[in-house]
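2 protein chains.
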Amino acid sequence: MQNLRIAIGQINPTVGELDSNLARVSKACAEASEMGAEIVLFGELALSGYPIGDLALRRDFLESSEQALQQLTSDSTQWPNLNIVVGYPRLATESHANDWAIAHNSAAVIKNGTILGTYDKRHLPNYTVFDEWRNYVPGTESFEFEVGETRVAVMICEDIWRPQGPVYDLSGLADVCLVLNGSPFEKGKNELRRTIAERVSKSQKVAIVYANLVGGQDDLIFDGDSFALNKNASQIFQGSLFEEQTGSFEMTSPTVQAKLPIQLSRTWDALVQGVRDYVDKNSIPGIVLGLSGGIDSAVCAALAVDAIGAQRVKGIAMPSVYSSDSSMTDAETLADNLGISLEIAQIKDIHAQFQHDLDLSDLADENIQSRIRALILMADSNNSGRLLLSTGNKSEIAVGYSTIYGDSAGGYAPLKDVYKTEVYALANFRNTRSEVIPQNSISKPPSAELRPDQHDQQSLPDYEVLDAMLEVLIENHGSIDDLITAGYPADLAADVAKKLKMAEWKRAQGAIGPRISKVSFGRGRRLPIANGYL
Amino acid sequence: MQNLRIAIGQINPTVGELDSNLARVSKACAEASEMGAEIVLFGELALSGYPIGDLALRRDFLESSEQALQQLTSDSTQWPNLNIVVGYPRLATESHANDWAIAHNSAAVIKNGTILGTYDKRHLPNYTVFDEWRNYVPGTESFEFEVGETRVAVMICEDIWRPQGPVYDLSGLADVCLVLNGSPFEKGKNELRRTIAERVSKSQKVAIVYANLVGGQDDLIFDGDSFALNKNASQIFQGSLFEEQTGSFEMTSPTVQAKLPIQLSRTWDALVQGVRDYVDKNSIPGIVLGLSGGIDSAVCAALAVDAIGAQRVKGIAMPSVYSSDSSMTDAETLADNLGISLEIAQIKDIHAQFQHDLDLSDLADENIQSRIRALILMADSNNSGRLLLSTGNKSEIAVGYSTIYGDSAGGYAPLKDVYKTEVYALANFRNTRSEVIPQNSISKPPSAELRPDQHDQQSLPDYEVLDAMLEVLIENHGSIDDLITAGYPADLAADVAKKLKMAEWKRAQGAIGPRISKVSFGRGRRLPIANGYL
Numbered sequence: 181m182q183n184l185r186i187a188i189g190q191i192n193p194t195v196g197e198l199d200s201n202l203a204r205v206s207k208a209c210a211e212a213s214e215m216g217a218e219i220v221l222f223g224e225l226a227l228s229g230y231p232i233g234d235l236a237l238r239r240d241f242l243e244s245s246e247q248a249l250q251q252l253t254s255d256s257t258q259w260p261n262l263n264i265v266v267g268y269p270r271l272a273t274e275s276h277a278n279d280w281a282i283a284h285n286s287a288a289v290i291k292n293g294t295i296l297g298t299y300d301k302r303h304l305p306n307y308t309v310f311d312e313w314r315n316y317v318p319g320t321e322s323f324e325f326e327v328g329e330t331r332v333a334v335m336i337c338e339d340i341w342r343p344q345g346p347v348y349d350l351s352g353l354a355d356v357c358l359v360l361n362g363s364p365f366e367k368g369k370n371e372l373r374r375t376i377a378e379r380v381s382k383s384q385k386v387a388i389v390y391a392n393l394v395g396g397q398d399d400l401i402f403d404g405d406s407f408a409l410n411k412n413a414s415q416i417f418q419g420s421l422f423e424e425q426t427g428s429f430e431m432t433s434p435t436v437q438a439k440l441p442i443q444l445s446r447t448w449d450a451l452v453q454g455v456r457d458y459v460d461k462n463s464i465p466g467i468v469l470g471l472s473g474g475i476d477s478a479v480c481a482a483l484a485v486d487a488i489g490a491q492r493v494k495g496i497a498m499p500s501v502y503s504s505d506s507s508m509t510d511a512e513t514l515a516d517n518l519g520i521s522l523e524i525a526q527i528k529d530i531h532a533q534f535q536h537d538l539d540l541s542d543l544a545d546e547n548i549q550s551r552i553r554a555l556i557l558m559a560d561s562n563n564s565g566r567l568l569l570s571t572g573n574k575s576e577i578a579v580g581y582s583t584i585y586g587d588s589a590g591g592y593a594p595l596k597d598v599y600k601t602e603v604y605a606l607a608n609f610r611n612t613r614s615e616v617i618p619q620n621s622i623s624k625p626p627s628a629e630l631r632p633d634q635h636d637q638q639s640l641p642d643y644e645v646l647d648a649m650l651e652v653l654i655e656n657h658g659s660i661d662d663l664i665t666a667g668y669p670a671d672l673a674a675d676v677a678k679k680l681k682m683a684e685w686k687r688a689q690g691a692i693g694p695r696i697s698k699v700s701f702g703r704g705r706r707l708p709i710a711n712g713y714l
Numbered sequence: 181m182q183n184l185r186i187a188i189g190q191i192n193p194t195v196g197e198l199d200s201n202l203a204r205v206s207k208a209c210a211e212a213s214e215m216g217a218e219i220v221l222f223g224e225l226a227l228s229g230y231p232i233g234d235l236a237l238r239r240d241f242l243e244s245s246e247q248a249l250q251q252l253t254s255d256s257t258q259w260p261n262l263n264i265v266v267g268y269p270r271l272a273t274e275s276h277a278n279d280w281a282i283a284h285n286s287a288a289v290i291k292n293g294t295i296l297g298t299y300d301k302r303h304l305p306n307y308t309v310f311d312e313w314r315n316y317v318p319g320t321e322s323f324e325f326e327v328g329e330t331r332v333a334v335m336i337c338e339d340i341w342r343p344q345g346p347v348y349d350l351s352g353l354a355d356v357c358l359v360l361n362g363s364p365f366e367k368g369k370n371e372l373r374r375t376i377a378e379r380v381s382k383s384q385k386v387a388i389v390y391a392n393l394v395g396g397q398d399d400l401i402f403d404g405d406s407f408a409l410n411k412n413a414s415q416i417f418q419g420s421l422f423e424e425q426t427g428s429f430e431m432t433s434p435t436v437q438a439k440l441p442i443q444l445s446r447t448w449d450a451l452v453q454g455v456r457d458y459v460d461k462n463s464i465p466g467i468v469l470g471l472s473g474g475i476d477s478a479v480c481a482a483l484a485v486d487a488i489g490a491q492r493v494k495g496i497a498m499p500s501v502y503s504s505d506s507s508m509t510d511a512e513t514l515a516d517n518l519g520i521s522l523e524i525a526q527i528k529d530i531h532a533q534f535q536h537d538l539d540l541s542d543l544a545d546e547n548i549q550s551r552i553r554a555l556i557l558m559a560d561s562n563n564s565g566r567l568l569l570s571t572g573n574k575s576e577i578a579v580g581y582s583t584i585y586g587d588s589a590g591g592y593a594p595l596k597d598v599y600k601t602e603v604y605a606l607a608n609f610r611n612t613r614s615e616v617i618p619q620n621s622i623s624k625p626p627s628a629e630l631r632p633d634q635h636d637q638q639s640l641p642d643y644e645v646l647d648a649m650l651e652v653l654i655e656n657h658g659s660i661d662d663l664i665t666a667g668y669p670a671d672l673a674a675d676v677a678k679k680l681k682m683a684e685w686k687r688a689q690g691a692i693g694p695r696i697s698k699v700s701f702g703r704g705r706r707l708p709i710a711n712g713y714l
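Here the protein sequences line up with chains W and P, keeping their order. If you read the first sequence in our numbering, its first letter stands for residue 181, the second for the next number, and so on. If you read the second sequence in our numbering, its first letter stands for residue 181, the second for the next number, and so on.
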């Protein structure tokens, strides 16, 4: 295996776009062949995109995926020395115990016009955001092939994560383990993947080639960062983060130090990727969002500009009598800094008309202002086709500090999985690249500005406190008792837990947004609405 | 086993309400004891409510459930001859392959102060709306106990549905199989459950006691309809539908014919149960909804009144210049027939103010009318605490024929899983009980009334055609080709399939509603938003 050259095709597929995904795979095959590689490895379900959800239940989709694979097989005669290892959903012949799933999550090995064999994923993740036990029939067999004298095994993602996984039977049977991954970004995940791969490499004395997808797919962001370890668990190749790449290496390549950007940089780029691919994969012309002068909308605007460019982003400022003097200034400064267009819309007369026509309680009057703004923004979206971004953060979504059909309105919520304290950190981080977010938006006390002298901390504890408490309740599946044990006052603990529970019905209608944590709202955390347990 | 009397405690638990659930279980134990029963069987997870979703990941909740079980065990000395078979989530001692689930979905057998044993569900459904592979560790052992000379086996729901299930090892080992169920309502499910139970009874020569839950829990409706079959697969007991009941029978009881209401009656009562329990289990004081004079809002109003009574339901009519002459009359007649209060709110001046302040395309102008109505309704909800019902039906939700943050706004959508053609059938059915829905609402052509002379069929095929096509695409996971094979024109097939796909992002933000079909929108059908496959 001395001179064996292996390439990784780190591509950004779109779920269901079989033609364009096939084109990306073919392009990477040509590049790999040009590099002299004898193997090119792609990510999990690269041909169909990942995750495909209940598309896996559609027989016609599985047949179309099979056709794409056959096309690739025909085309592979162009690269006669190349072993192509590519993921695709494969129609299962065996029946599944649940009478529901009809597909395997598979990898095919293709060479010079022939399919050498297929491997079906054996460990199907069915936790956090994953539903693979719903959508796939687990495989039962291992698959190995040879390239010259090198014995090569194939695994798919979760297969190498499980301590009881088939990867722990490789010792002595394989020299290299190729792993196709659809491993979504999470804070700290890049390091964790390497720890897992090293554990396998060391215990089994195999080299590990870890190919990941790249790109946003709904709420998931695949960050790329493919890598390879030699038999001694030393990294010999590292792919780039957040971009497509065909990279290659020989198994005898020298060690390269794992080089990862700081966490805030990775998180920022992940969010940018999520916004960009949601817009582009849905063929949306641009983005519109409300600019309040506050930190959340400022960070969302900066993410939007980094994602699709200033000329496709429009801000609308909608001040009211309760807006602070600086709100308009901060919004204007932000728009200037980012180079986006800013429209000013007044809500005063519409608000007055609602107040004239309806009896409004204090709460109703606060909410109606937020909802008038949503109507103005959605009117722009209807006029132009632009995507409305919802600017709420994880902290306020957690405790229901938002107006449903008001500021929560929008098709995509970039900060949905970002706690308020992280929003501040990301704003400061983004300003180190170039100063775009006004310091005043960062430093002033946060406010919804829906009544005179309103501030978030009239209703909520300081965000440092709140976010730490929410982490116990959400990330750790913790309880009020856990909060009390951690030193929080009992009444505060109960109040935060209750707010979290009472907002479940609002979250059930929330826009999707990019996931950066293990327990994200939406499909990452599934709780009943009618629920008597605090 | 000649004189063995068995009771079924068909209760309506609320997820997480351990105290009140325990009280319901204890009451049924007392009633069963009074009847002379030696066994009382409850539904799946009766102590905790079902399904509990990710509450199963909270250790403190599992400990609290265990405490409730211990309390029941202490209390059971009051009924010393009674074997209590009750479902609860049990903290698992074994680790699970996925490093995530920590609970079993279990049944405990309690007698006179002692827990005789526990059984852990072995087959975990993870399809349609079920996520049990996510939340539970599967059991591996069977459990039997004896009552006098009768050998009794315990199974939980899915265990008896799988052809490879443990229930097919019972022959010769058990006389009676007790099955704890959390089997949600679906059209035709009542008959299907009997078919499954008969198959087991006949092949294994065992009696089957089938206890189901009753009551609405978010989108699921448990219809009760518990039953028992003797060793010859003849029905000897049938519980009531849609109400709590403690019923009992002897194993030698004579055959009773299965007696089920017609499907429309069951479906109506299921929807009523869903609305009632969503309101009551969330402690909501009442319901508000917009009355347009159309069929959907009329049926929703009738469901609301049947669920919680006329005095807790309020209608708001919000006519516009595009409303037909009869719309107000129909809304008023409906309100009169139902005995609910009807408020009239004008949208004209608010609409004019929006038109004055904003540039509105035709689409934006249509949507803004729908959204102004949502703001008026939500203002009432904010003022009063009433639940806003969203009145959209499955057909329009499927093809996106609705305004997000407009007519789709609301906390619960009673017709979410009801096709338009079924809405008409249900309206006619309800009128056979008492004539409440105006004939004109049933007979006039459906219209959103957002522009002059607008009718649904300007944008959509006839609902008979549309619904039949949607059934192929949704219920059968079918394709455009399947529609063409079924005889629909290719362009129409492509148009409907495209509309269905393009509305995915709206559905992702839709209110929950009661499920009556196998493939319901929401957690019953999980498709990506960014998706290139039609």
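Every residue, glycine too, gets a C-beta built ideally from N, C-alpha and C.
- With contacts defined as CB atoms closer than 8 Å, V332 (chain W) and E338 (chain W) fail to qualify as a contacting pair.
- Exclusion of the five residues before and after N192 (chain W) leaves V394, G395 and E424 as the residues of its chain whose Cβ lies within less than 6 Å of its Cβ.
- For P269 (chain P), the closest Cβ of chain W is not nearer than 8 Å.
- Residues of chain P whose Cβ lies closer than 7 Å to the Cβ of W685 (chain W) are, in chain order, G591.
- By the C-beta criterion, the stretch 666 to 678 of chain P is judged not to be in contact with the stretch 497 to 515 of chain P, since fewer than 3 inter-stretch pairs fall below 8 Å.
- Between K385 (chain W) and S433 (chain W), the gap from beta carbon to beta carbon reaches 8 Å or more.
- Within the same chain, and ignoring the five residues on either side of L568 (chain W) in sequence, the residues whose Cβ sits closer than 7 Å to its Cβ are V468, L469, L557, M558, S561, A589, G590 and G591.
- The alpha helix (DSSP H) runs of length 4 or more contained entirely in the stretch 625 to 680 of chain P are, from start to end of the chain, 643 to 650 and 660 to 665.
- With respect to chain W, the C-beta atom of F534 (chain P) has a partner C-beta closer than 8 Å.
- Using a Cβ-Cβ cut-off of 8 Å, R314 (chain P) counts as an interface residue toward chain W, since at least one Cβ of chain W sits closer than that to its own.
- Contact annotation: the stretch 591 to 600 of chain W touches the stretch 570 to 577 of chain W, with at least three C-beta pairs closer than 8 Å.
- For the pair L707 (chain P) and F365 (chain P), the Cα-to-Cα distance works out to about 23 Å.
- Under the Cβ distance rule, H284 (chain P) does not count among the residues neighbouring chain W, no pair being separated by less than 8 Å.
- Taken in chain order, the whole beta strand (DSSP E) runs of length 3 or more contained in the stretch 356 to 394 of chain P are 356 to 361 and 387 to 392.
- Counting only the Cα atoms, R373 (chain P) lies some 47 Å from L451 (chain W).
- Taking a beta-carbon distance threshold of 8 Å, G404 (chain W) does not count as an interface residue toward chain P.
- The straight-line gap separating the alpha-carbon atoms of A554 (chain P) and L555 (chain W) is approximately 10 Å.
- For W280 (chain W), the chain P residues whose C-beta falls within less than 7 Å of its own C-beta are Y307, listed in chain order.
- A residue is called buried once 16 or more other Cβ atoms fall within 10 Å of its Cβ, and V347 (chain P) is buried on that count.
- When C-beta distances to chain P are compared with 7 Å, the residues of the stretch 564 to 596 of chain W below that value are Y585, A589 and G591, in chain order.
- By the neighbour-count criterion, in which 16 or more other beta carbons inside 10 Å mark a residue as buried, H536 (chain W) falls on the exposed side.
- Under a criterion of Cβ atoms nearer than 9 Å, the residues of chain P adjacent to I692 (chain W) are, in order, W685, A688, Q689 and I709.
- Annotation for F241 (chain P): the continuous alpha helix (DSSP H) segment containing it runs R239 to D255.
- Note that the C-beta distance between L421 (chain P) and R456 (chain P) is not below 8 Å.
- Within 8 Å of the CB of Q526 (chain W), the CB atoms of chain P belong to D537, in sequence order along the chain.
- Rounded to whole angstroms, the separation of the alpha carbons of W685 (chain W) and A710 (chain W) is 9 Å.
- Closest option to D516 (chain W), judged by alpha-carbon separation, among W:N292, W:V485 and W:Y299: W:V485.
- As computed with DSSP, R331 (chain P) is found in a beta bridge with P:E326.
- By the rule that beta-carbons nearer than 8 Å mark a contact, F365 (chain W) does not touch chain P.
- What F241 (chain W) touches in chain P, judged by beta-carbon distance under 7 Å, is Y713, going in chain order.
- Note on Q491 (chain W): under 16 other CB atoms within 10 angstroms of its CB, so exposed under the neighbour-count rule.
- Between S228 (chain P) and S245 (chain P), the C-beta gap is smaller than 8 Å, which places the two residues in contact.
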